[in-house]
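Here the working numbering runs 40 ahead of the position in the sequence shown, where the first position is 1.
Before any comments, here is the structure.
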Amino acid sequence: MATSIAANAWIDPRAEIEEDVEIGPFCTVGAGAKIGSGTKLHNNVTLMGNVSIGHHNVLYPNVVVGGEPQDLSYQGSETSVEIGDHNTLREGVTVNRASEKEDGVTRIGSHNFLMGNAHVAHDCKLGDHIVIANGSLLAGHVHVQDYASISGGCGIHHYVTIGSYSFLAALSRALHDVPPYMLVEGIAAKPRCINIVALKRNDFSAAAIDSLAVANRLLYRTKVGLVHAREILASKNQLTPEVENLLNFVEGQSEGKHGRGRELRRAA
Numbered sequence: 041m042a043t044s045i046a047a048n049a050w051i052d053p054r055a056e057i058e059e060d061v062e063i064g065p066f067c068t069v070g071a072g073a074k075i076g077s078g079t080k081l082h083n084n085v086t087l088m089g090n091v092s093i094g095h096h097n098v099l100y101p102n103v104v105v106g107g108e109p110q111d112l113s114y115q116g117s118e119t120s121v122e123i124g125d126h127n128t129l130r131e132g133v134t135v136n137r138a139s140e141k142e143d144g145v146t147r148i149g150s151h152n153f154l155m156g157n158a159h160v161a162h163d164c165k166l167g168d169h170i171v172i173a174n175g176s177l178l179a180g181h182v183h184v185q186d187y188a189s190i191s192g193g194c195g196i197h198h199y200v201t202i203g204s205y206s207f208l209a210a211l212s213r214a215l216h217d218v219p220p221y222m223l224v225e226g227i228a229a230k231p232r233c234i235n236i237v238a239l240k241r242n243d244f245s246a247a248a249i250d251s252l253a254v255a256n257r258l259l260y261r262t263k264v265g266l267v268h269a270r271e272i273l274a275s276k277n278q279l280t281p282e283v284e285n286l287l288n289f290v291e292g293q294s295e296g297k298h299g300r301g302r303e304l305r306r307a308a
């Protein structure tokens with residue numbers, strides 16, 4: 041299928057656009073943009089700076105990708121945004137280019153769904169199969185692992201890591217890392233229970249779910265500590281791969297600062 045570009049869209053001649061791309065009215069596509077086949081830009085989408093978008097993505101009205109990082113230390117380097125395949129960015133989503141403090145890339149993986157007015161700040165790294173609901177705001181350098189869900193109106197602090205298969209409840213403020221497989225809620229957000237819905241939907245075994253439930257009780261209810269929790273789980277033969285992943289995540293978090301494992305990476 042041929043590429044379709046509305047007559048009143050503005051496309052820099054240096055932009056790279058593959059076949060079967062649809063660009064709607066009043067879109068602006070800058071010189072550094074690369075758009076993969078099967079991607080659709082509804083009206084009033086703006087791509088600024090170095091932006092690479094993969095295949096079969098859909099960007100809705102008033103999405104802005106590639107704006108300069110909202111970081112006062114930014115000196116104008118050629119940083120970028122990379123977006124994978126089969127993502128949906130709904131109305132008003134903003135994704136900023138990276139700062140100069142890490143690898144220079146803000147990255148979004150594939151099969152993600154970002155709802156209206158969500159914000160992905162500079163240097164964020166998002167994996168695959170993630171849902172971010174309306175109005176949630178990711179500060180700079182946030183990492184979101186695969187299959188995580190962030191409900192509406194959440195605020196995510198700089199350098200927080202959102203673990204895989206976790207669920208951050210609506211209107212929560214995540215100051216600390218969100219452990220994988222957990223439902224986390226509150227101001228400041230804390231683990232409340234395992235994310236049983238996601239675990240069942242994604243066909244985790246009964247043994248894995250039971251072991252994670254025991255790990256949750258040890259870590260966040262009785263609070264026996266990481267070393268003792270590992271010993272108890274080992275004695276019960278419940279150190280499943282999922283539990284090992286959780287314990288390793290918590291260990292990394294404890295080795296960080298302010299409850300954020302990656303906080304030690306913060307540049308001066």
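Positions of the beta carbon are idealized from the N, C-alpha and C atoms, including for glycine.
ask   = From Met222 to Lys230, what distance separates their C-alpha atoms?
value = Counting from one through the sequence shown, the residue named residue 222 turns up at place 182. Counting from one through the sequence shown, the residue named residue 230 turns up at place 190. Going from the Cα of Met222 to the Cα of Lys230 covers about 9 Å.
query = Would DSSP call Val103 helix, strand or coil?
reply = Start at 1 with the first residue of the sequence shown, and residue 103 comes out as number 63. When secondary structure is reduced to three states using DSSP, Val103 falls in the coil class, being assigned neither helix nor strand.
query = How many angstroms separate the CA atom of Leu129 from the CA atom of Thr146?
reply = Within the sequence shown, numbered from 1, the residue matching residue 129 stands at position 89. Within the sequence shown, numbered from 1, the residue matching residue 146 stands at position 106. Spanning the two alpha carbons is a distance of roughly 15 Å.
query = Can Ala138 and Asp168 be called in contact, C-beta distance under 7 Å?
reply = Indexing the sequence shown from 1 puts residue 138 at position 98. Indexing the sequence shown from 1 puts residue 168 at position 128. No, the pair does not count as a contact, with Cβ atoms beyond the cut-off.
message = For a test of the three-state rule: what should DSSP assign to Gly292, helix, strand or coil?
response = The count along the sequence shown starts at 1 and reaches residue 292 at position 252. In this structure, Gly292 counts as helix in the three-state DSSP scheme.
inquiry  = Let me confirm a value: Arg270 is counted as buried when at least 16 other C-beta atoms fall within 10 Å, else exposed. Which label applies?
reply    = The sequence position of residue 270 within the sequence shown is 230, counting from 1. With 16 or more other Cβ atoms within 10 Å, it is buried.
ask   = Taking C-alpha atoms, which residue in Ala248, Ala173, Pro101 and His95 lies nearest to Asn84?
value = Here residue 84 refers to the residue found at position 44 when the sequence shown is read from its first residue. When each option's Cα is compared against that of Asn84, the closest is Pro101.
message = Cutting at 7 Å between CB atoms, please list the residues of its own chain near Arg306, excluding the five before and the five after it.
response = If you number the sequence shown from 1, residue 306 lands on position 266. Cβ within range, chain order: Tyr199.
task = Evaluate contact between the segment 236-256 and the segment 273-292, counting only Cβ atoms and requiring at least three cross-stretch pairs below 8 Å.
result = Flag = yes, the segment 236-256 and the segment 273-292 touch.
key: Residue span of the alpha helix (DSSP H) that contains Lys240, given as start and end   = As a first step, residue 240 is located in the sequence shown; it is residue number 200 there, counting from the start. Counting along the chain, the alpha helix (DSSP H) containing Lys240 begins and ends at Ile236 to Arg241.
query = Thinking C-beta only, is Asp217 closer than 7 Å to Thr201?
reply = Your numbering for residue 201 matches position 161 in the sequence shown. Your numbering for residue 217 matches position 177 in the sequence shown. Cβ distance < 7 Å, so Thr201 and Asp217 count as in contact.
ask   = When the Cβ atoms of the segment 236-244 are set against those of the segment 254-268, are three or more pairs found closer than 8 Å?
value = Segments in contact, no.
task = Count the other CB atoms, across all protein chains shown, that sit within 10 Å of the CB of Leu178; report buried if there are 16 or more and exposed otherwise.
result = Here residue 178 is taken as the residue at index 138 of the sequence shown, counted from 1. The residue in question, Leu178, is buried, as its Cβ has 16 or more Cβ neighbours within 10 Å.
request  = To the nearest angstrom, report how far apart Phe66 and Trp50 are at their CA atoms.
outcome  = Within the sequence shown, numbered from 1, the residue matching residue 66 stands at position 26. Within the sequence shown, numbered from 1, the residue matching residue 50 stands at position 10. Between the alpha carbons of Phe66 and Trp50 lies a distance of about 7 Å.
message = Contact defined as beta carbons within less than 8 Å: I believe Leu266 pairs with Leu287. What is the distance between those atoms, to the nearest angstrom?
response = Residue mapping note: residue 266 aligns to position 226 of the sequence shown, counting from 1. Residue mapping note: residue 287 aligns to position 247 of the sequence shown, counting from 1. At roughly 7 Å, the Cβ-Cβ gap stays under 8 Å, so Leu266 and Leu287 are in contact.
message = Going by C-alpha to C-alpha distance, which of Met88, Gly156, Gln115 and Gly76 sits closest to His96?
response = What you label residue 96 is simply residue 56 of the sequence shown in a count that begins at 1. Out of Met88, Gly156, Gln115 and Gly76, Gly76 has the C-alpha closest to the C-alpha of His96.
ask   = Can you tell me where the beta strand (DSSP E) with Asn90 in it begins and where it stops?
value = As a position in the sequence shown, residue 90 is number 50, starting the count at 1. Counting along the chain, the unbroken beta strand (DSSP E) around Asn90 starts and ends at Asn90 to Ile93.
ask   = Who are His183's beta bridge partners in DSSP?
value = In the sequence shown, residue 183 corresponds to position 143, counting from 1. The partner list for His183 (beta bridge, DSSP) reads Lys165 and Thr201.
Assigned exposure category for Pro53 - 16 Cβ within 10 Å defines buried = If you number the sequence shown from 1, residue 53 lands on position 13. It is exposed - the Cβ of Pro53 has fewer than 16 other Cβ atoms within 10 Å.
query = Per DSSP, Lys297 forms a beta bridge with which residues?
reply = For the purposes of this step, residue 297 is taken as the residue at position 257 of the sequence shown. Note: Lys297 sits in a beta bridge opposite Arg300.
query = Among Glu303, Ala42, Asn136 and Ser275, which has the Cα closest to the Cα of Glu58?
reply = Here residue 58 is taken as the residue at index 18 of the sequence shown, counted from 1. It is Ala42.
ask   = From Leu215, Gly124 and Tyr205, pick the residue whose C-alpha is nearest to that of Cys233; which is it?
value = Along the sequence shown, read from residue 1 onward, the residue named residue 233 stands at position 193. Cys233 has its Cα closest to that of Tyr205, out of Leu215, Gly124 and Tyr205.
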